[in-house]
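These notes are about the structure you will find just below.
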Amino acid sequence: MMTKAFIRRVGFGLRPDEDIPEDPLNWAKSQMNVSPKLIWPGKLYSETEMIDIRVDFQLEEDKIQETEKNPAKAKIKKTKLYRRTGRKYFEKYELAIRHHQAVHGNQPVFERFWHFWGNHFAIVDKNKLPVFNTGPMQREQLRPLMTGKFADMVYDMTLTWPMIKSLDNFKSAGPNSDTNMHRKRKNKRVKGLNENHGRELLELHTISPKAGYTQEDVINTAYIMTGWGFTGWKKGHKGELKKTGYEHFNHEPGTHTVLGKEYKISGFSPKTKGKKQLRQLVNDLCASQSCMNFIAWKLCRHFICDDPNRDMIKIVTDAWVKSDGILTEIHKAVLDAAWKHGNSEKKFLSPETWLIQVARMTGADWPGDPKVFEYDFVSRLNYKQKKISKILAELGHLPFRAKQPNGFPDTATEWLSQEYLVRRIALINNPVQIGLYKNSTPFMDIAKKVVKNNFDDPQELLNVLDELDLKNKYSKFPTLKISEPLIAILCSRKVLNA
Amino acid sequence: MNISRRVFLSGSASLIVTAPMLSKGFASGITKKNLVVVMLRGGMDGLTAVPFIGNGILAKARPDIGVDKPIKVTSNFALHPRLKKFKKLWNEDKASIIHATSIPYIGRSHFEGQYLMESGGTKPYYDKTGWLGRALEGAGRKSLSISLPMPLILRGGQNLDNFMPSRNSLPTDDTLKILAADYKNDEMLSKVLNTIRKRPIAMMQSKNITGKKIKGLAKIASQQLNDINGPSIAVFDIAGFDTHADQGGDYGQHARKLEQFDDIVGTLAKQMGPSFENTIVVSLTEFGRTVDQNGGSGTEHGYGSAILMAGGLLSKSKIISDWPGLEKKNLFEGRDLNSSIDARAVYASILARVLDTDHQKVVNNAFFGADLPDMTKRIFG
Numbered sequence: 001m002m003t004k005a006f007i008r009r010v011g012f013g014l015r016p017d018e019d020i021p022e023d024p025l026n027w028a029k030s031q032m033n034v035s036p037k038l039i040w041p042g043k044l045y046s047e048t049e050m051i052d053i054r055v056d057f058q059l060e061e062d063k064i065q066e067t068e069k070n071p072a073k074a075k076i077k078k079t080k081l082y083r084r085t086g087r088k089y090f091e092k093y094e095l096a097i098r099h100h101q102a103v104h105g106n107q108p109v110f111e112r113f114w115h116f117w118g119n120h121f122a123i124v125d126k127n128k129l130p131v132f133n134t135g136p137m138q139r140e141q142l143r144p145l146m147t148g149k150f151a152d153m154v155y156d157m158t159l160t161w162p163m164i165k166s167l168d169n170f171k172s173a174g175p176n177s178d179t180n181m182h183r184k185r186k187n188k189r190v191k192g193l194n195e196n197h198g199r200e201l202l203e204l205h206t207i208s209p210k211a212g213y214t215q216e217d218v219i220n221t222a223y224i225m226t227g228w229g230f231t232g233w234k235k236g237h238k239g240e241l242k243k244t245g246y247e248h249f250n251h252e253p254g255t256h257t258v259l260g261k262e263y264k265i266s267g268f269s270p271k272t273k274g275k276k277q278l279r280q281l282v283n284d285l286c287a288s289q290s291c292m293n294f295i296a297w298k299l300c301r302h303f304i305c306d307d308p309n310r311d312m313i314k315i316v317t318d319a320w321v322k323s324d325g326i327l328t329e330i331h332k333a334v335l336d337a338a339w340k341h342g343n344s345e346k347k348f349l350s351p352e353t354w355l356i357q358v359a360r361m362t363g364a365d366w367p368g369d370p371k372v373f374e375y376d377f378v379s380r381l382n383y384k385q386k387k388i389s390k391i392l393a394e395l396g397h398l399p400f401r402a403k404q405p406n407g408f409p410d411t412a413t414e415w416l417s418q419e420y421l422v423r424r425i426a427l428i429n430n431p432v433q434i435g436l437y438k439n440s441t442p443f444m445d446i447a448k449k450v451v452k453n454n455f456d457d458p459q460e461l462l463n464v465l466d467e468l469d470l471k472n473k474y475s476k477f478p479t480l481k482i483s484e485p486l487i488a489i490l491c492s493r494k495v496l497n498a
Numbered sequence: 499m500n501i502s503r504r505v506f507l508s509g510s511a512s513l514i515v516t517a518p519m520l521s522k523g524f525a526s527g528i529t530k531k532n533l534v535v536v537m538l539r540g541g542m543d544g545l546t547a548v549p550f551i552g553n554g555i556l557a558k559a560r561p562d563i564g565v566d567k568p569i570k571v572t573s574n575f576a577l578h579p580r581l582k583k584f585k586k587l588w589n590e591d592k593a594s595i596i597h598a599t600s601i602p603y604i605g606r607s608h609f610e611g612q613y614l615m616e617s618g619g620t621k622p623y624y625d626k627t628g629w630l631g632r633a634l635e636g637a638g639r640k641s642l643s644i645s646l647p648m649p650l651i652l653r654g655g656q657n658l659d660n661f662m663p664s665r666n667s668l669p670t671d672d673t674l675k676i677l678a679a680d681y682k683n684d685e686m687l688s689k690v691l692n693t694i695r696k697r698p699i700a701m702m703q704s705k706n707i708t709g710k711k712i713k714g715l716a717k718i719a720s721q722q723l724n725d726i727n728g729p730s731i732a733v734f735d736i737a738g739f740d741t742h743a744d745q746g747g748d749y750g751q752h753a754r755k756l757e758q759f760d761d762i763v764g765t766l767a768k769q770m771g772p773s774f775e776n777t778i779v780v781s782l783t784e785f786g787r788t789v790d791q792n793g794g795s796g797t798e799h800g801y802g803s804a805i806l807m808a809g810g811l812l813s814k815s816k817i818i819s820d821w822p823g824l825e826k827k828n829l830f831e832g833r834d835l836n837s838s839i840d841a842r843a844v845y846a847s848i849l850a851r852v853l854d855t856d857h858q859k860v861v862n863n864a865f866f867g868a869d870l871p872d873m874t875k876r877i878f879g
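Listed in order, the protein sequences are those of chains A and B.
Reminder that position 2 of the first sequence reads as 2 in our numbering, one-by-one numbering, no gaps.
Numbering-wise, our numbering comes out as the position in the second sequence, counting from 1, plus 498.
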């Protein structure tokens with residue numbers, strides 16, 4: 001593939017001050033070896049810290065609801081609580097960390113893969129998960145997993161706090177589990193099975209419906225998953241404990257069969273004999289041809305084109321087999337496939353990826369000075385703190401707020417509509433919002449630099465800018481169209497399609 | 499397209515409106531019939547919306563999430579208490595229910611099911627167009643949507659447009675011309691941009707609409723549908739019916755979602771005034787839910803559900819059903835309410851009525867000529 005096009009396809013394009021890598025394929029592949037540290041200079045809240053804050057928020061909010069009957073007073077108390085616990089703050093803060101890393105970091109290709117996997121293991125927008133939990137989980141758990149085995153990633157992601165919460169597995173219990181046998185003896189109502197997480201583990205995270213599993217397979221997967229939920233004795237909120245783990249008394253005993261394979265109990269300790277079933281199932285799912293094909297297809301669709309062909313997918317599945325599912329090698333193979341096949345294909349960028357490209361290529365002050373995002377947990381949030389989520393919402397792509405567990409879509413037909421395009425053009429029409437200020441470098445110069453730096457064949461776009469230059473010279477009101485050169489380039493088909 | 503657009507950026511819902519290509523026909527005295535499709539994503543529980551009260555099976559199967567105060571409408575069926583505005587229309591003979599119905603999909607996957615409920619086909623991720631888009635194309639209509647994405651259900655119609663109020667403003671057409679020149683070799687982009695450039699000024703005027711989220715969008719829909727030269731088809735999109743946990747009974751998650759549907763119906767009935775007489779609102783979901791409650795006081799993915807219909811095009815309120823029963827032996831795979839009416843037949847019959855065309859033509863255009871009975875008499879008779 002052409003050098004600069006490749007850098008836009010698998011990364012976010014080049015910053016104005018960035019050198020063009022001599023060997024772009026190697027430049028991209030070398031980023032896959034280690035999981036780079038976050039360059040964010042501010043505080044990184046840990047996942048457990050955020051769960052504490054979440055619990056604090058929820059208990060306190062319940063208390064206000066129960067005790068304060070005067071609506072005006074309740075509102076004041078709630079506002080105070082919201083500020084003290086960062087109810088409106090943390091999502092924006094996490095978005096800033098994510099965008100700061102993508103725009104100013106030196107491993108943009110790695111970041112692209114991070115965003116991909118975050119969406120693959122999408123946590124739905126419910127129960128305030130995007131506010132307190134999704135961002136920290138992606139930072140702390142997902143990132144380090146990206147250089148290991150795919151099966152490990154699936155296993156660990158399955159058991160993250162937000163995943164267990166959002167797909168309800170903490171509510172699931174086997175019909176013959178100790179819990180339910182006890183309840184039956186006491187004539188209490190039994191705790192039923194929850195199929196939600198089991199189904200999505202098969203459908204979305206590993207093998208996809210193409211594998212041809214049945215409802216029986218879904219139920220048996222759910223049996224294997226029983227017991228995995230919240231654990232420990234530290235009180236949380238409404239059944240949410242602070243940690244995830246295995247509680248044997250909820251586990252459905254015995255052998256369970258998924259896709260023809262039996263998962264037996266192992267060992268004798270009642271506390272652990274069903275525990276390994278999930279690990280074995282995940283290993284088998286991840287080693288299956290259906291899983292390799294599905295994940296390879298999805299990666300190629302993200303990094304090459306909407307409808308990847310067999311050759312592209314085979315490059316990835318070959319690497320998968322050869323490395324026994326090591327993500328570093330799988331990612332490198334995706335880059336190989338993109339390098340080999342990328343020239344003849346185009347990929348319409350999602351709104352967030354496009355926004356980050358725009359910021360990186362123009363050298364915009366985006367998402368803003370990290371100091372701006374420091375917060376005293378007392379005041380109202382200011383515009384600079386809020387704009388990142390406002391803009392992403394306007395573009396239709398708040399990355400922690402997928403409506404359904406299949407995450408955000410990844411094709412041009414889903415992302416290209418009149419209203420989506422209007423919003424991109426309108427955003428660039430008012431470029432101060434993304435940190436491009438009138439009194440710094442002239443927009444025409446910025447636009448020219450973007451083109452020269454990021455296009456292997458820049459002439460066509462430079463001609464457009466030259467024409468505008470000429471037009472401006474003879475215009476009575478040249479300043480009125482100040483954003484025009486930026487729109488002409490950043491909303492051009494060559495930038496919308498990497 | 500200024501500040502006021504902001505109000506309608508609700509994350510939870512979107513609205514799609516379709517405009518007739520030739521407004522002349524309507525202007526010269528022919529009644530303009532409207533169709534509003536409300537997509538309920540996640541699997542709407544027909545047994546919560548319209549509980550079966552003919553025997554005690556349902557109450558026994560759902561000790562924690564039963565509907566305690568159902569509004570009885572026949573000896574066997576009741577409405578959920580949060581469907582208040584719908585009930586009011588029921589009393590006026592302007593609301594009906596199809597019960598034990600589904601699209602012919604039994605795989606229980608949301609994403610396959612949602613694809614099929616929109617594409618109208620039988621193979622997931624296969625057809626690239628939607629049944630409504632194809633039906634409108636066959637009927638010679640132009641489409642306009644008010645939402646961020648262009649939903650699959652409408653794809654396939656020509657000259658698709660969509661719209662959603664927002665806060666930023668576009669540059670002048672002079673600037674858009676630069677992009678038009680750049681897009682000329684990209685079919686998709688140039689199609690989209692050309693529609694934007696041809697937008698009527700009326701689309702920019704949404705300043706007087708108050709109210710937030712679903713009601714605000716329903717008001718926009720009402721205004722557009724009321725315009726004799728405006729759209730005649732609107733689509734809403736509500737997610738959140740997938741209640742595996744804490745589904746609730748009279749209150750709770752499923753009830754809140756049903757209330758959104760009720761708000762749409764209520765707002766349309768109120769705002770549209772006389773033109774609601776020529777309108778039908780209809781719900782659409784990917785599947786129903788299990789009869790039994792599960793471990794988390796929720797329900798699992800099932801099969802048969804209900805279709806809720808409202809509007810003056812109906813002549814009599816009734817429950818339309820070939821009720822399969824809730825006894826274990828009558829359930830689909832021993833767990834789900836069965837489907838005895840193909841939902842596609844319902845939509846085809848409604849489309850035929852709204853588009854003033856014959857049932858078979860709609861079936862051919864929208865549902866690939868599938869073998870679907872004409873339900874016009876059962877629904878509208």
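Beta carbons are placed, not taken as given, at the ideal position from N, Cα and C, and that holds for glycine.
7 Å Cβ cut-off: residues of chain B touching A:R493: D680, Y681, D684, L687
Among the residues of its own chain, which have a CB less than 6 Å from the CB of B:G655, if the five just before and after it don't count? G631, L634, E635, S641
Can you grab the Cα-Cα spacing for the pair A:R9 / A:A364, in whole Å? 20 Å
Could you tell me which uninterrupted alpha helix (DSSP H) segments, each at least 4 residues in length, are contained entirely in the segment 573-649 of chain B, listed from first to last along the chain? 582-589, 608-617, 629-636
Closest to A:D376 by CA distance: which of A:F303, A:Y420, A:Q385 is it? A:Q385
Span separating the alpha-carbon of B:I569 from that of B:L587: 13 Å
The segment 739-769 of chain B: positions lying closer than 7 Å to chain A by Cβ: H742, A743
Here's the rule: buried if 16 or more other CB atoms are within 10 angstroms of the residue's CB, otherwise exposed. What is B:P561? exposed
List, in chain order, every chain A residue whose beta-carbon is nearer than 9 Å to that of B:V789. The premise fails here: B:V789 is roughly 12 Å from chain A at the closest Cβ pair, so nothing lies under 9 Å.
Top-ranked residue by Cα proximity to A:W40, from A:H302, A:S492, A:V372, A:F408: A:V372
What would DSSP say about B:I778, mapped onto helix, strand or coil? strand
Just reading off the beta strand (DSSP E) that A:M413 is part of, what are its end residues? Note on identity: in this sequence residue 413 of chain A is Thr, with Met being the wrong assignment. Taken as a continuous stretch (DSSP letters only), A:T413 belongs to no beta strand (DSSP E), being part of the alpha helix (DSSP H) at 412-415.
If we cut at 8 Å on Cβ distances, does B:T546 have a partner in chain A? no
Between the beta-carbon of A:I207 and the beta-carbon of A:C291, is there less than 8 Å? yes
Note down, in chain order, every chain B residue with its Cβ under 9 Å from the Cβ of A:V432. Per Cβ cutoff of 9 Å: no residues; A:V432 is ~12 Å from chain B at best.
If you scan the segment 61-93 of chain A from start to end, which runs of the alpha helix (DSSP H) of 4 or more residues do you find wholly inside it? 71-84
Reduced DSSP category for A:G245 - H, G, I as helix; E, B as strand; rest coil: strand
Helix, strand or coil for A:A488 per DSSP? helix
DSSP beta-bridge partners of B:A804: B:H597
Go ahead and pull the three-state DSSP assignment for B:W821. coil
At least one CB of chain B closer than 8 Å to the CB of A:K191: is that the case? yes
Give the residues of chain A in contact with B:N660, contact being defined as C-beta atoms less than 7 Å apart. S417, Q418, E419
Minimum Cβ-Cβ distance from B:E798 to chain E less than 8 Å: In the structure shown, chain E cannot be found, because the protein chains are A and B.
For A:R87, which residues in chain B fall below 7 Å Cβ to Cβ? Neighbours of A:R87 on chain B: none; closest Cβ ~16 Å, over 7 Å.
Mind reading off the beta-carbon distance from A:F12 to A:P108? Whole number of angstroms is fine, and I expect it under 8 Å. 5 Å
Using a 10 Å radius around the Cβ and a threshold of 16 neighbouring Cβ atoms, would you call B:A679 buried or exposed? exposed
Between B:N666 and B:H742, which are expected to be in contact by the criterion C-beta below 8 Å, what is the C-beta distance as a whole number of angstroms? About 38 Å separates the two Cβ atoms, so there is no contact after all.
Report whether the distance from the Cβ of B:K713 to the nearest heavy atom of the ligand SAH is below 7 Å. With respect to small molecules bound, the structure shown includes none, and the ligand SAH cannot be examined in it.
Which residues mark the beginning and the end of the alpha helix (DSSP H) in which A:V282 is found? 276-287
Within a Cβ cutoff of 6 Å, which residues of the same chain sit near B:G523, ignoring the five residues on either side of it in sequence? For B:G523, the predicted model reports a pLDDT of 43, less than 50, meaning its position is unreliable; a value from the coordinates is still stated below. Here the set comprises nothing.
Reducing DSSP to helix, strand and coil, say where A:G227 ends up. coil
Mapping DSSP to helix, strand and coil, what is A:D306? coil
Is it buried or exposed, B:S911, if we count other Cβ atoms within 10 angstroms and call 16 or more buried? Only positions 499 to 879 of chain B appear in this structure, which leaves residue 911 of chain B out of reach.
What residue range is occupied by the uninterrupted beta strand (DSSP E) comprising A:K184? Counting along the chain, A:K184 falls outside any beta strand (DSSP E), though it belongs to the alpha helix (DSSP H) covering 178-185.
In its own chain, which residues sit with a C-beta less than 8 Å from the C-beta of A:G239, not counting the 5 before and 5 after it? F170, K171, F230
DSSP three-state call for B:S704: helix, strand or coil? No answer about B:S704 holds up, because its pLDDT of 46 lies below 50 and its placement is not dependable.
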